[in-house]
Amino acid sequence: MGRPPCCDKLGVKKGPWTPEEDIILVSYIQEHGPGNWRSVPVSTGLMRCSKSCRLRWTNYLRPGIKRGNFTSHEEGVIVHLQSLLGNRWAAIASYLPRRTDNDIKNYWNTHLKKKLRKAGDSFDHQHHHDMVSRADGYGAGQAYMNTEVSQLIAGRGHSPFADAAAEVCSSSSYASSVDNISKLLGGFMKSSPPPPPP
DNA sequence: AAGCCTACCAACCGCCAGAAC
DNA sequence: GGTTCTGGCGGTTGGTAGGCT
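Position 83, counted from 1, in the first sequence is what the numbering used here calls 184; the numbers after and before it change by one each time, with no gaps.
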């Protein structure tokens, strides 16, 4: 026998999270820290699968997340990294610390893919890199991006781009229910430090 | 004003690697 | 060493808001 099962499949709630559930989850993580997701539904009484709790936290409730309003710099990074790494959204997200893989994936599927398809004759993963290089609007600054992203990938070291990105991230604001939850929690989000760089 | 269409995004599903027993 | 579970990831879907006719 291995470990005990993660959670009872019966009685697991699905669908959108309510503000109450968010508060319960954030309060629990504030107290115990993220991790050991199996214990979250058990300890909090949330009728949610541990997976669902983890997803909700990482994609939505985690402090320091920036959502929406992708800058042209961020777009460039995503486009270039996608051409280099493929659809490895978690890896791409690691270079944009305040963005979640889900957010990047959504942005790619809804915005960038369309833009690139528009720019090129067809969207083909096999020839994506060539196409990205050709694409109008994304060709500009591509050489710069090549250098910067290569540096980031090689050593993830300090770079002017990283500074610029950090500045953009820190200065931007977003409107979402996260703010409301933050207010409800009495500034927990503000007091929590942003996640460390990868 | 009503119905239809499109775009967006939160959340689910299924798979995999590694960890726990 | 084998079995089972957890955590993480990428793909996909369903709900809904906004725009268009």
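Each residue gets a CB set at the ideal place from its N, CA and C atoms; glycine is no exception. Predicted model, so just to flag it, every value in this text is computed and none were measured.
query, result
"Comparing alpha-carbon positions, which option in Asn-160, Lys-114, Gly-177, Leu-186 lies nearest Val-127?", "Asn-160"
"Taking the alpha helix (DSSP H) that Thr-145 falls in, what are its first and last residues?", "140-145"
"Please classify Leu-182: does DSSP put it in a helix, a strand, or coil?", "helix"
"Measure how close the beta-carbons of Thr-145 and Ile-125 come, nearest whole angstrom, since I'm counting them as under 8 Å.", "5 Å"
"Taking DSSP as the reference, what is the three-state secondary structure of Thr-159?", "helix"
"If you run the structure through DSSP and keep just helix, strand and coil, what is Ser-195?", "coil"
"Can you say whether His-174 is buried or exposed, counting buried as having 16 or more other CB atoms within 10 angstroms of its CB?", "buried"
"Output the distance between the C-alpha atoms of Pro-117 and Trp-158, rounded to the nearest integer angstrom.", "13 Å"
"Give the single residue among Arg-168, Thr-172, Lys-115, Gly-134 whose Cα lies nearest to the Cα of Lys-152.", "Lys-115"
"Cβ-heavy atom distance between Pro-164 and the ligand SAM below 7 Å?", "What this structure holds is no ligand at all, so the ligand SAM is not there to describe."
"What whole-angstrom Cβ distance do Trp-209 and Ile-179 have, given they're in contact under 8 Å?", "6 Å"
"Which residue wins for smallest C-alpha separation from Thr-211, given the options Ala-192, Gly-169, Leu-185?", "Gly-169"
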